[in-house]
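With full-length UniProt numbering as the guide, the letters of the sequence shown map in order to residues 1 to 120.
Glycine included, each C-beta is placed from N, C-alpha and C at the ideal position.
From a predicted model like this one, the values you see are computed outputs, not experimental measurements.
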Amino acid sequence: MTTQVKRILDLSEEPQLREAKVFGYAIAKWGDYPALINGKQGQVVTGSAYLVRSEEEAQKLAYYETNAYEVADCWIYFKDDKEPKEVGGKVFMYAGDAQALLEQRFDRKLWSRQMGGKLG
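Printed below as a string of structure tokens:
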């Protein structure tokens with residue numbers, strides 16, 4: 001994952017990622033890709049967090065993720081012994097119909113979003 005973040009952000013050094021978890025979310029598969037969706041209260045998703053250092057970095061990440069995802073606020077809880085132990089942050093969540101994603105059926109909501117609302 002560090003290689004991917006380095007490439008997306010065009011960094012000269014390896015990015016510093018921290019193992020982390022978020023609560024209240026779940027992972028579903030969108031083709032070969034994991035997609036974050038709302039989960040049950042207390043449900044945990046583990047992964048890595050990166051401290052975005054500028055608006056330019058935030059824009060590069062958003063561009064990479066495309067409009068198939070939308071930014072949502074979250075609390076990030078780190079799994080290591082470093083400080084801070086938790087921070088307010090952002091996640092990229094699947095922007096389509098999560099139920100359609102789970103049922104692996106056509107997602108009209110996402111299709112419409114990607115087509116700019118033009119259905120014809």
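Notebook entry, point to check: Which residue or residues does DSSP assign as beta-bridge partners of residue 93?
Noted result: Residue numbering aside, residue 93 sits at position 93 when the sequence shown is read from its first letter. Paired residues: 36, 70.
Next item on the list: Provide the residue(s) that pair with residue 12 in DSSP beta bridges, ordered along the chain.
Entry: Working through the sequence shown from its first residue, we reach residue 12 at position 12. Within the DSSP bridge table, the entry for residue 12 names no partner.
Notebook entry, point to check: Does DSSP classify residue 52 as helix, strand or coil?
Noted result: As a position in the sequence shown, residue 52 is number 52, starting the count at 1. Here DSSP, grouped into helix, strand and coil, assigns residue 52 to coil.
Check: Measuring CB to CB, does residue 50 end up less than 8 angstroms from residue 5?
Finding: One-based indexing of the sequence shown puts residue 50 at position 50. One-based indexing of the sequence shown puts residue 5 at position 5. Yes.
Next item on the list: Using DSSP bridges, identify the partner residues of residue 22.
Entry: Taking the sequence shown and counting its residues from 1, one reaches residue 22 at position 22. 45.
Next item on the list: Buried or exposed for residue 25, please, with buried defined as at least 16 other CB atoms from any protein chain shown within 10 angstroms of its CB.
Entry: For the purposes of this step, residue 25 is taken as the residue at position 25 of the sequence shown. That one is buried.
Check: In its own chain, which residues sit with a C-beta less than 8 angstroms from the C-beta of residue 43, not counting the 5 before and 5 after it?
Finding: For the purposes of this step, residue 43 is identified with residue 43 of the sequence shown, where counting begins at 1. Its chain contains 23, 24, 25, 26 as the residues whose beta carbon lies nearer than 8 angstroms to that of residue 43, once the 5 sequence neighbours on both sides are disregarded; these appear in chain order.
Notebook entry, point to check: Rounded to a whole number of angstroms, what is the C-alpha to C-alpha distance between residue 35 and residue 98?
Noted result: Translated into the one-based positions of the sequence shown, residue 35 becomes position 35. Translated into the one-based positions of the sequence shown, residue 98 becomes position 98. Spanning the two alpha carbons is a distance of roughly 9 angstroms.
Next item on the list: Quick one: using the 10 Å Cβ neighbour count with 16 as the cut-off for buried, is residue 107 buried or exposed?
Entry: Here the question's residue 107 lines up with position 107 in the sequence shown. Burial state of residue 107 is buried, judged by a 10 Å Cβ sphere holding 16 or more other Cβ atoms.
Margin query: Looking only at its chain, what residues have a beta carbon closer than 7 angstroms to the beta carbon of residue 11, apart from the 5 residues adjacent to it on each side?
Written below: For the purposes of this step, residue 11 is taken as the residue at position 11 of the sequence shown. Answer for residue 11: no residue qualifies.
Note to self: Taking the alpha carbon of residue 104 as the reference point, which residue from 2, 30, 18 has its own alpha carbon closest?
What the structure shows: Residue 104 sits at position 104 when you count from the first residue of the sequence shown. It is 30.
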